[in-house]
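Participant: Let me give you the structure first, and then I'll get to my questions.
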Amino acid sequence: MKKPLLSLSIVLMSFGLSAQTQTASLSFNNTSIQVMNGGDFFWDLSTSRYEIPKKSGSSSPVGTIFSGSVWMGGVDISGNLRLAAMTYRQRGQDFKPGPLSFDTASKSSDHDKIYTVSKTQIDAHIANPSSTTGVILEWPGNGDTSKGEPYQLAPFVDLNSNGKYEPKLGDYPKIKGIGATYCIYNDYVLHTESGGEPIQIEIHQMFYQDAFTHNGVLIDDVNLASFTIINRGFQRLSNFVFGVFTDFDLGNFSDDYVGTDSTKNMVYAYNGDDNDEGILGYGLNPPAQNMMFLNHNLGSAMYYNNNANPVNGNPTKATDYYNYLNARYKNGDPLIHPGGTKTKFMFSGDPVTGTGWTEQSVSNTPGDRRILASSEPMTLEPNMPICFDIAYVYGRATSGGSTASISTMRDKADIVQTVYDNNTYGWKSGDCILGAQDEDETVGILPNLQKSQFSVYPNPSTGLFHIKDLKSDMPSYVTDATGKVLMIIEPQTTTFDIHNLATGLYFLKTELGTVRLLKL
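The opening residue of the sequence shown carries number 21 in my numbering; numbering runs sequentially from there.
Put into structure tokens, the structure is as follows:
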């Protein structure tokens with residue numbers, strides 16, 4: 021069994037993690053995975069829980085990933101680095117369950133849950149909402165504002181557009197895929213994993229699965245995820261980077277390579293030879309496995325070693341994590357291509373054609389590999405959600421060895437990206453909305469929303485709202501749910517007041533998009 025560098029038994033004794041970790045499984049397609057609600061996933065704190073293909077009842081599942089986790093960090097207006105990241109919980113954790121609240125009455129234990137729901141359950145609920153029980157009733161559509169929690173939380177279809185989750189009246193969870201898990205966590209806690217200063221970030225995590233045929237190709241072994249992040253603090257963060265760390269283990273973990281394909285916004289792993297040996301190996305023609313951004317460009321990709329090397333070993337402090345997020349070594353030196361130029365992408369060549377910088381081209385010995393894929397730097401405004409949609413695509417060729425599997429994986433990744441871009445199955449993130457949604461709205465945030473860089477806050481509000489960075493020469497309008505115009509807001513206006521309107525849901529419609537307003 022593969023083990024991280026430090027003894028996990030010591031970690032569990034020191035931090036009591038087994039009592040603080042919720043888990044949930046997804047096995048709606050030909051994979052079986054497990055996720056948690058603490059910023060890491062695909063493992064159970066000791067072994068991999070990413071089985072592919074799924075083998076019901078297998079005591080020794082074969083899989084391609086040991087674990088994954090999210091990293092993120094940026095610089096506040098005072099020049100201080102704020103960062104949260106997870107790897108293996110060897111020093112602790114940077115996240116706790118639940119929405120972020122500055123009120124001590126809000127307890128993370130009240131939100132220490134993961135909600136798993138299927139399309140079949142939702143269809144049954146739609147047919148007969150009065151008899152619904154279980155997860156659909158428990159879905160956390162609204163927070164407790166008396167405890168400082170945001171009112172709009174988990175996405176749901178709001179049939180009467182009042183902003184309140186009412187499953188007995190027909191409202192239901194808005195999920196992606198044929199089955200999904202959903203949870204909320206935040207970093208307003210002492211960062212014992214990275215040592216970073218809290219960002220005051222809230223993360224809404226949805227992992228989901230689908231199965232379909234596209235142009236005769238069966239796609240039933242892909243896992244997808246959406247991470248909607250909200251800066252609940254009061255400071256703008258510059259040079260904010262979101263990263264996904266993946267510890268790939270292709271069956272036998274000791275003979276792998278990794279690579280980057282920036283043209284497809286992916287990082288991936290493939291076997292170092294054409295036979296994946298051992299009881300946990302895939303045998304001949306072993307698969308390739310990727311992690312890809314679906315709605316953001318890949319900004320950098322960085323590999324580091326599982327050792328204590330002061331330059332390229334395991335990160336031990338916040339600046340180490342942030343440097344890796346930006347394709348720099350722990351000492352701040354940039355990643356250098358073998359040709360002598362700076363680069364953002366580790367092993368960016370093509371193993372299939374044998375061109376460019378690959379692990380083979382520099383004669384690396386295959387082994388245990390992990391790699392970090394990061395977004396391009398951006399500005400993170402207070403209370404402006406940004407959604408990162410990602411996919412994990414698996415490919416295995418029937419002949420041609422490990423590099424042929426890379427080609428198979430790339431072909432399937434192209435299909436996944438096309439299906440996402442066309443929103444064929446409702447994966448694509450839609451308006452910048454949490455909580456209540458209409459039936460035809462998609463979950464999350466438009467991929468290009470950050471380009472407009474305007475926000476409305478506080479939201480919810482008792483009436484007074486502020487508009488930040490709305491660059492438009494056209495008036496905006498406040499409307500009710502029927503579309504009736506209640507107020508006209510002139511260009512360049514930065515505040516407006518609707519305290520005279522009844523409590524409920526309204527809309528600010530601008531040239532650059534529509535934002536829901538919750539009047540308390």
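Glycine residues also receive a C-beta, built at the ideal position from the N, C-alpha and C atoms.
Note that this is a predicted model, so its numbers are computed, not measured.
1) Could you give the distance in angstroms between the alpha-carbon of Gln54 and the alpha-carbon of Glu71?
2) Once DSSP output is grouped into helix, strand and coil, what is the label at His211?
3) Taking a contact to mean a Cβ-Cβ separation below 8 Å, would you say Val270 touches Thr418 in this structure?
4) To which residues does DSSP link Ile508 through a beta bridge?
5) What separation, rounded to the nearest whole angstrom, lies between the Cα atoms of Leu469 and Glu510?
6) For Leu173, I'd like the list of residues in its chain whose CB is within less than 7 Å of its CB, leaving aside the five on either flank, ordered along the chain.
7) Give me the Cβ distance between Phe265 and Ser89, rounded to the nearest whole Å; I'm assuming they're in contact under 8 Å.
8) Spatial neighbours of Lys432 within its chain, please: C-beta separation below 6 Å, excluding the five flanking residues on both sides.
9) Less than 8 Å between the CB atoms is what I'm expecting for Ala321 and Arg389, so what's the real figure, rounded?
10) Going by the beta-carbon positions, is the gap between Thr378 and Phe367 smaller than 8 Å?
11) If you drop the 5 nearest sequence neighbours on each side, which residues of the same chain put their C-beta closer than 7 Å to that of Pro307?
12) What's the C-alpha gap between Leu318 and Thr361?
13) Could you please give the first and the last residue of the uninterrupted beta strand (DSSP E) stretch that includes Ile249?
14) Determine the direct distance from the alpha carbon of His486 to that of Thr514, and round the result to whole angstroms.
15) Counting only the same chain and skipping the five closest in sequence on each side, list residues whose C-beta sits under 7 Å from that of Met312.
16) Just grab the DSSP bridge partners of Ile410 for me.
17) Under three-state DSSP, which class holds Val82?
18) Any contact of the stretch 443-450 with the stretch 189-201, i.e. 3+ C-beta pairs under 8 Å?
19) Can you check which of these residues, Tyr526, Asn520, Phe516, is closest to Lys504 by C-alpha distance?
20) Is the closest heavy atom of the ligand ATP to the C-beta of Pro187 under 7 Å?
Facilitator: According to the data block:
1) Going by the C-alpha atoms only, they are around 9 Å apart.
2) coil
3) Per the sequence presented here, residue 270 reads as Leu, with Val not at that position. Between Leu270 and Thr418, the C-beta spacing is not below 8 Å.
4) Tyr497
5) Low confidence applies to Leu469: its pLDDT is 30, below 50, so where it sits in the model is not reliable, and the reading given next is rough at best. Cα-Cα distance, rounded: 22 Å.
6) Pro119, Pro160, Gly161, Asn162, Gly163, Ile204, Leu454, Gly455
7) 5 Å
8) Val413, Gly415
9) 12 Å between Cβ atoms; not a contact.
10) yes
11) Thr84, Leu270, Tyr414, Gly415, Arg416, Ser425
12) 19 Å
13) 243-251
14) 6 Å
15) Lys284, Asn285, Met286, Ile410, Ala411, Val413, Ala433
16) Ala245, Phe313
17) coil
18) yes
19) Tyr526
20) Of ligands this structure carries none, so the ligand ATP is not represented either.
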